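Residue numbers (our numbering): 161 to 309. From the three backbone atoms N, C-alpha and C, an ideal C-beta is built for every residue, glycine too. This one's a predicted model, so the numbers in the text were calculated from it and none came from an experiment. In what follows, a structure is listed as structure tokens, so that the remarks can point back to it.
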Amino acid sequence: MQLTNKTDQYVAFKVKTTNPKKYCVRPNNGVVLPGATCNVTVTMQAQKEAPPDMQCKDKFLIQGVIAPHGTTTKDITPEMFNKEEGKVLEEFKMRVVYIPANPPSPVPEGSEEGSPGASLVEDGNRSVSLPDAVTKSLMEPVEKTSSVE
């Protein structure tokens with residue numbers, strides 16, 4: 161995902177998830193300079209098997225707050241994201257949606273006789289494990305909130 165700072169001030173951000181063991185988020189916090197963008201990569205860890213109903217309740221919360229001019233990533237503290245009177249804390253919630261990957265293509269007709277791939281296709285028995293049918297997860301926006309207390 162790409163975070164864009166459309167303000168003329170420094171913005172500190174933090175990305176949280178409901179399932180931190182399942183996803184790797186890099187960077188999970190940082191500072192976006194005025195008018196700049198920051199790419200955040202979310203990677204789902206390999207799963208033993210796909211959920212039978214392909215449903216997912218995992219969510220992400222992106223928080224952004226105005227930071228003092230010159231703030232760097234090492235200056236970010238958890239307290240910066242506390243909801244306090246007079247502080248504007250932008251929050252954007254997204255939920256994860258699984259999309260099945262395209263099924264693997266059959267072995268081409270010209271494959272070598274006796275190769276494992278050819279015999280699987282010839283006898284019509286092809287088992288697909290999760291690594292072969294990797295699922296992509298897309299993030300779908302849930303809501304954007306802004307709090308001024």
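Where residue i falls: helix, strand or coil (DSSP)
i           : result
residue 234 : helix
residue 239 : helix
residue 216 : coil
residue 189 : strand
residue 169 : coil
residue 224 : strand
residue 207 : coil
Buried versus exposed, by CB contacts within 10 Å (16 or more), residue i
i           : result
residue 224 : buried
residue 248 : exposed
residue 206 : exposed
residue 214 : exposed
residue 296 : Low confidence applies to residue 296: its pLDDT is 37, below 50, so where it sits in the model is not reliable, and the reading given next is rough at best. The residue is exposed, with fewer than 16 neighbouring Cβ atoms inside 10 Å.
Residue i to residue j span [Cα, whole Å]
i           : j           : result
residue 166 : residue 180 : 29 Å
residue 185 : residue 176 : 9 Å
residue 195 : residue 170 : 9 Å
residue 258 : residue 212 : 11 Å
residue 208 : residue 254 : 24 Å
residue 164 : residue 239 : 22 Å
residue 162 : residue 202 : 11 Å
residue 188 : residue 235 : 14 Å
residue 191 : residue 197 : 10 Å
Start-to-end residues for the beta strand (DSSP E) that takes in residue i
i           : result
residue 179 : Looking at the DSSP string, residue 179 is not in any beta strand (DSSP E), and its letter there is neither H nor E.
residue 201 : 201-204
residue 250 : 248-259
Cβ-heavy atom distance, residue i to the ligand ADP, below 7 Å
i           : result
residue 257 : Inclusion of the ligand ADP in the displayed structure is not the case, the ligand content being empty and no account of it being possible.
Option nearest residue i by Cα separation, candidates the options
i           : options            : result
residue 250 : 239, 221, 260      : 221
residue 227 : 193, 201, 161      : 193
residue 230 : 162, 161, 172      : 172
residue 183 : 174, 219, 244, 190 : 219
residue 200 : 174, 245, 260, 168 : 174
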